[in-house]
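Have a look at the structure below before the remarks.
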Amino acid sequence: MSKHLVIVESPAKAKTIEKYLGKDYQVMASYGHVRDLVPKEGAVDPANDFAMQYAVIDRNKKHVDAIAKALKNADSLFLATDPDREGEAISWHLYELLREKGLLKDKNVRRVVFHEITKRAIQDAIEHSRDLSMDLVNAQQARRALDYLVGFNLSPLLWRKIHRGLSAGRVQSPALRMICEREEEIEAFEPQEYWTIESDLKKDEQPFQARLTYFQGEKIEQFTINNEARATEVEQALTAAGEQGLPVQKVDRKQRRRNPAAPFTTSTLQQEASRKLGFGAQRTMRVAQQLYEGIDTGGGAVGLITYMRTDSVNLAQDAVQEMRGVIEERFGADKVPDSPQVYRTKAKNAQEAHEAIRPTSAARHPDDLKGQLSDDQRRLYELIWKRALASQMKHATINTVAVDLGCGEGNTLRANGSTVADPGFMAVYQEGTDDAKGPGDSKDRILPEMKEGDVVDLVAIRPEQHFTEPPPRYSEASLVRTLEEYGIGRPSTYASIISTLVNREYVELDNKRFHPTAIGRVVNKFLTDHFTQYVDYDFTARLEDELDEISLGQKDWVPLLRDFWEPFKARVEEKKDISREEVVQARELGTDPKTGKPVQVRVGRFGPFVQLGTKDDDEKPRFAGLRPGQRMDDITLDEALTLFQLPRDLGETDEGEPLQASIGRFGPYVKYGSKFVSLKEDDPYTITPERAKEVVAEKKKEDANRIINEFEGGIRVLKGRYGPYVTDGKKNAKIPKDVEPESLDLAACQELIAKAPERKGRRKGTTSKSANAKGTTRKRTAKSS
């Protein structure tokens, strides 16, 4: 019988920790959350101080039961879930479930917190256990209640006004707004032309480059030279002035320091893993979780990194001392600064008691783990190890030189260069950047030795044309950084924010950049037009700060919820009666020259479509779904009108059957007579009659090979995907395995068909041909919106 029962979240962690604690301890896993709000209206009751109705999560009920059974034979219970608000809440929920079962009488119940899974850290945490923190629990309850209240009230409104399946989240909606606003900036952007004047120079046969900074006494700004004629004029003047060489007018030498970046937080780890490893936020967190919980490196499982959900850049003193020793041993004493580097977290309410993400032992070099880690684990561990060690290394020293060269009266060319005098931390690690450098920004160059009065040779003057570029779309790294800068969300939420936006098809990742879909834009427009305050960046950030104040015991959670709920509920009620036309986004494309009717592109319940005519016309409007690759934001009138060409009449088959091409419920097809053949590579808008006949002929040949026998009344014996069967066109009947299909006569086939079950009818909600077509549109256009 174990004296002490310890509860952690994952079985991998349980196995690692049990090894450190010995035979008097039994370690079990809760497998994450043990209970949550019941998934129905009324789970949070604003009229009763926001009382929350919880239920055990079905998939984890057996784990709760196993914990309850084990607790009966233990003297004490240590709740050792993750060291954050969510972990505190999981411990509290488990505590409440066990209390309700009457299992905590005469039991010593303690909360245990550790930030790394090492023997020293685990044993120290057990020795310094504490009571559950209701401040942290209430902060998590408030967050959960807010998310529930927003989701259960806004989402049904989106279903009625746009289409079912949509959702609005308290934090995801401002993130969607960011992506949509960036797209609008890009679409509204008008490129501006500008020119830079570069030069190729040579000193003692060593080539180098310089750029024009002054011309005829005027400082060159970005748009000083904005057309080719002016650029040519400047080029000719400089070429003539530099025929005899360019005198060195000034040499400016400086030495500057470059300091290392702080060790990783959750946000910066996600950003760097995106830049350097190509990992998405979810992939980063999944692999980091594995490294934290423990990897078997030969002597049993051991946690390789500290807890990976943190906004702190603080490092434990013993960890810093170990790093300094490893740095001296591996890179030399000259790379160790006189005193440890100290970092302070910029984020508000950062939990400085937590640590930054670092290796649990700096002495455990990534090379020592080759063959023991997966490729993803090895790459992420190496990134964390290098960043942590670099953060405690000496600054880099850079020698810079700027040389001004004369090229005629009032004309100056400048050459910049640099050399690394002492790489310092750069010998181990340099922080990545999100976006490429703009025109003219070049890497540091080494220049030839020059002094004032020297004359260098002019090889060529090169005018270079540029155009300003719009701001880049958000990558995962830049979106996480921007959310953090605005104070929206917290370390544990960034990955789920991104996955929700993608899974809901509000955004797409194309070339690792976020593009809003048509549905995403409509949802964002609805929220920004009608729920402006609740997608406001400052409002969302202030609410996050207030939730942090609850966790610090500085604010009560019920008044905070009440202050949010009452105006929010009033706003929801106010917006219930707005018309769908006010919500759904539409673009006027022009007029159909044949009918004179207006053409629009709109978003419907099944995605974007083109509409020809209006509901006020004598004839009903016509509708057509967008093709793959088409976007409602840039489709043209001509492209839209082409969509109404279906179905296309293609003449007749050689047997005299009418031939058509179109798009239906299951995608593009050719119809011949009353039968259909799917188009896999051909486009129904452009397929020729000759090609359509070829497709039909191939289908007929394939069908002929399927026929085993045919009888009167349309009864046939066919080869099927899952074996031979009998059909009369209405019912299909399986042929018993001990019966040869070729031996069946008409009577035997009729008997099998009579015994076969009726075909199941269409599912509710799929009876309408137009609904089917629109459903197909949504599926086909999801990637192009």
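Following our numbering, the numbering of the sequence shown begins with 195 at its first residue and continues without gaps.
Don't be surprised by glycine CBs; every beta carbon is placed ideally from N, CA and C.
Between the alpha carbons of G907 and K924 lies a distance of about 12 Å.
Look at K788 here: in three-state DSSP terms it is coil, with no helix or strand label. Counting of Cβ neighbours within 10 angstroms places E658 among the exposed residues, the total staying below 16. Inclusion of I391 and A425 in the CB contact set at 8 Å is warranted, their separation being smaller than that value. With 16 or more other CB atoms across the displayed protein chains lying within 10 angstroms of its CB, L721 is buried.
DSSP, read as helix, strand or coil, puts Q403 in strand.
For F870, the uninterrupted beta strand (DSSP E) segment begins and ends at 869 to 872. Straight-line spacing of the CA atoms in K313 and H322 works out to 14 Å. Assignment of V202 by DSSP, reduced to helix, strand and coil, places it in the strand class. Restricting attention to D651, L292, N718, L641, the CA atom closest to the CA of L360 is found in N718. The beta-bridge partner set that DSSP reports for Q659 consists of W389.
Residue burial is scored here from C-beta neighbours: P802 has at least 16 other C-beta atoms within 10 angstroms and is therefore classed as buried. Separation of V716 and T694 (C-alpha to C-alpha, rounded to the nearest whole angstrom) is 16 Å.
Cα atoms of Y688 and N508: separation of roughly 21 Å, rounded to the nearest angstrom. At a Cβ-Cβ threshold of 8 Å, P841 and P862 do not count as neighbours. For Y700, there is no enclosing beta strand (DSSP E), as DSSP gives it neither H nor E. In the pairwise beta carbon analysis, the region 786 to 794 is classified as touching the region 818 to 836: at least three pairs are separated by under 8 Å. By DSSP's assignment, S585 forms no beta bridge with any residue. Y916 counts as exposed, since fewer than 16 other C-beta atoms from the protein chains shown sit within 10 angstroms of its C-beta. For the 8 Å CB-CB criterion, A237 and Q247 form a contact.
By the Cβ test, the region 526 to 533 is not in contact with the region 479 to 492, since fewer than three Cβ pairs between them sit closer than 8 Å. Boundaries around P368 are those of the alpha helix (DSSP H), 366 to 382, since no beta strand (DSSP E) includes it. When the five nearest sequence neighbours on each side are left out, the beta carbons in the same chain lying within less than 8 Å of the beta carbon of R573 are those of L471, in order along the chain.
According to the DSSP assignment, A264 belongs to the alpha helix (DSSP H) that extends over 255 to 265. With contacts defined as CB atoms closer than 8 Å, L292 and L265 qualify as a contacting pair. For the 8 Å CB-CB criterion, R707 and R667 form a contact.
CA-CA distance, L330 to E743, rounds to 10 Å. Under the three-state reduction of DSSP output, I947 falls in the helix class. For P883, the enclosing alpha helix (DSSP H) has its first and last residue at 883 to 900. The region 390 to 406 makes no contact with the region 695 to 704: fewer than 3 CB pairs, one atom from each, lie closer than 8 Å.
Here the region 822 to 829 makes no contact with the region 843 to 855; the two share fewer than three CB pairs at distances below 8 Å. A straight-line Cα-Cα distance of about 38 Å links P761 and D704.
Remark: C-beta atoms of C374 and G850 do not approach each other more closely than 8 Å. The three-state secondary structure of N593, taken from DSSP, is strand. Check the Cα spacing between D732 and each of R354, N332, M372: the tightest is with M372. For M222, the uninterrupted beta strand (DSSP E) run begins and ends at 219 to 223, by DSSP.
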